[in-house]
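**Q** Numbering (the working numbering), first residue to last: 612 to 934.
Note that beta-carbon positions come from the ideal geometry of N, C-alpha and C, so glycine has one too.
Following this message is one structure expressed as C-alpha cells.
If you want it as C-alpha cells, here you go:
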C-alpha cells in the first residue's frame with residue numbers, strides 16, 4: 612500500500628534526524644582512511660604518473676571489435692561504398708584513444724623505473740600506429756579461429772552466430788589484439804584487456820601466450836592459458852582446461868624467478884578435452900595427440916598419442932521404496 616504524502620514527509624524528517632546522529636562520525640573515519648595512505652604495506656597511486664584507464668580500454672575494445680568485424684557491431688548499416696568513411700572515422704577515433712592510453716603506460720613505466728621520460732608522447736603515437744598496421748593480420752588470424760570453431764562445433768549454425776555469441780571468439784578477439792601490444796613491449800594495457808575478457812566470459816588467456824591460427828575454445832568457461840604457453844595451429848580445447856605452471860622457481864633470496872618458460876608447449880592439431888590439466892615449461896604435447904577429460908599431465912607426450920584416464924568402476928544401487 613502506497614504511503615500518503617504526510618507519511619512520506621514524516622519518514623524523510625525521521626531519516627534526517629537519524630542521519631544527524633551518525634554523520635558527525637564521518638570526519639574521523641575520513642582521517643583514518645587518509646592516514647592509512649601514509650602507512651607502509653598499503654597501496655595508493657598519489658603524486659605519481661597517470662596510468663592506463665580500464666574504463667577507456669573497455670571503450671577501445673568495443674571500437675576494435677567494430678573495426679575487426681565491420682557491420683557486426685556498432686553501425687550495422689555500413690556497406691562497401693561507405694566502408695572507407697566508416698573505418699576512417701573508427702580508426703581515427705581509435706588512434707586518439709589508444710595513443711593516450713599507450714602514452715600513459717609508457718610514462719608510468721618510466722616513472723616506475725626512475726627513468727627520465729623525454730619522448731613518451733612521440734613513442735605513444737608511434738606504437739599506436741605500429742599496432743594499427745597489424746589490424747589486417749589480426750583479422751586474418753581471427754577468421755581462422757572462426758572457421759575452426761564452425762568446423763569443430765556441429766551446434767554452430769553460421770559464422771555470424773559465432774562472431775556474435777561465442778565466448779571463445781570474444782576472448783580470442785581481445786587476446787589477439789592484446790598479444791600484439793604485448794609483443795611491442797607495452798606494459799599494463801595488454802593484461803587489463805585480457806583480464807577484462809576473463810571477467811566477462813571466464814576464459815583466462817595471458818597476453819604473452821603464443822597461439823597459432825585456427826584455435827578453437829569450445830564452451831570455454833574456466834579455461835586458463837599461462838604466460839609462456841606455446842600453442843600450435845589448429846588446436847582445440849574444451850571448458851576447464853588448464854595449461855599452467857608446475858612450480859614457481861625462486862632465487863637464492865627466495866624471490867620468484869621471472870621470464871622463464873613455465874607453461875607447456877602444445878603442438879599442431881592437438882585436442883584437449885574438458886578439465887584436463889597440463890603443467891610445466893618442459894612439457895610438450897606432440898602433434899595430433901588427444902588428451903582426454905580430467906587428465907593430469909606433467910610430462911611430455913609423443914605425437915599421435917591418446918591419453919585417457921582408465922574408465923572408473925561405477926556402482927549402481929537399487930533405490931529403496933519408502934513405505
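Quick one: measure Cβ to Cβ for residue 852 and residue 881, integer angstroms, because I've assumed they're closer than 8 Å.
**A** That belief does not hold up - the Cβ atoms of residue 852 and residue 881 are roughly 11 Å apart, past 8 Å.
**Q** Taking C-beta to C-beta, are residue 619 and residue 667 nearer than 8 Å?
**A** In this structure, residue 667 does not lie closer than 8 Å to residue 619 by Cβ.
**Q** Is residue 804 buried or exposed, if buried means 16 or more other CB atoms sit within 10 Å of its CB?
**A** It is buried - the Cβ of residue 804 has at least 16 other Cβ atoms within 10 Å.
**Q** Within 10 angstroms of the Cβ of residue 826, are there 16 or more other Cβ atoms? Answer buried if so, exposed if not.
**A** By the 10 Å Cβ count, residue 826 comes out buried.
**Q** Check this for me: beta carbons of residue 901 and residue 917, under 8 Å apart or not?
**A** A contact, by the Cβ cut-off of 8 Å.
**Q** Within the present structure, is the beta-carbon of residue 795 separated from the nearest heavy atom of the ligand COA by less than 7 Å?
**A** Annotation note on the ligand COA: not contained in the displayed structure, which lists no ligands.
**Q** With residue 802 as the anchor, note down where its alpha helix (DSSP H) starts and where it stops.
**A** 800-812 is the extent of the alpha helix (DSSP H) around residue 802.
**Q** Considering only the beta carbon of each residue, do residue 840 and residue 820 sit closer than 8 Å?
**A** Going by C-beta atoms, residue 840 is nearer than 8 Å to residue 820.
**Q** Quick check: the segment 812-819 against the segment 773-783, are there 3 or more CB pairs under 8 Å?
**A** At 8 Å Cβ cutoff, the stretches touch.
**Q** I need the boundaries of the alpha helix (DSSP H) containing residue 743, first residue and last residue.
**A** From DSSP, the alpha helix (DSSP H) with residue 743 extends over 731-743.
**Q** With a cut-off of 8 Å, do at least 3 Cβ pairs link the segment 860-870 to the segment 840-849?
**A** They do not touch, by the three-pair rule.
**Q** Can you tell me the Cβ-Cβ gap for residue 738 and residue 795, rounded? I've got them flagged as a contact below 8 Å.
**A** Residue 738 to residue 795, Cβ: 6 Å. Contact.
**Q** Quick check: the segment 731-747 against the segment 699-714, are there 3 or more CB pairs under 8 Å?
**A** Yes: the two stretches touch, three or more of their Cβ pairs being nearer than 8 Å.
**Q** Using the beta-carbon count (16 or more within 10 Å), is residue 856 buried or exposed?
**A** With 16 or more other Cβ atoms within 10 Å, it is buried.
**Q** Pop quiz: residue 778 and residue 789 are said to be a contact at Cβ under 8 Å. What is the actual Cβ separation, rounded to whole angstroms?
**A** Not confirmed; about 16 Å, so no contact.
**Q** Nearest by alpha-carbon distance to residue 661: which of 622, 810, 799 and 885 is it?
**A** Answer by Cα proximity: 799.
**Q** Going by DSSP in three states, residue 676 sits in which element: helix, strand or coil?
**A** Three-state DSSP puts residue 676 in a helix.
**Q** In chain order, what residues of the same chain have a beta carbon less than 8 Å from the beta carbon of residue 752, not counting five sequence neighbours either side?
**A** 787 and 824.
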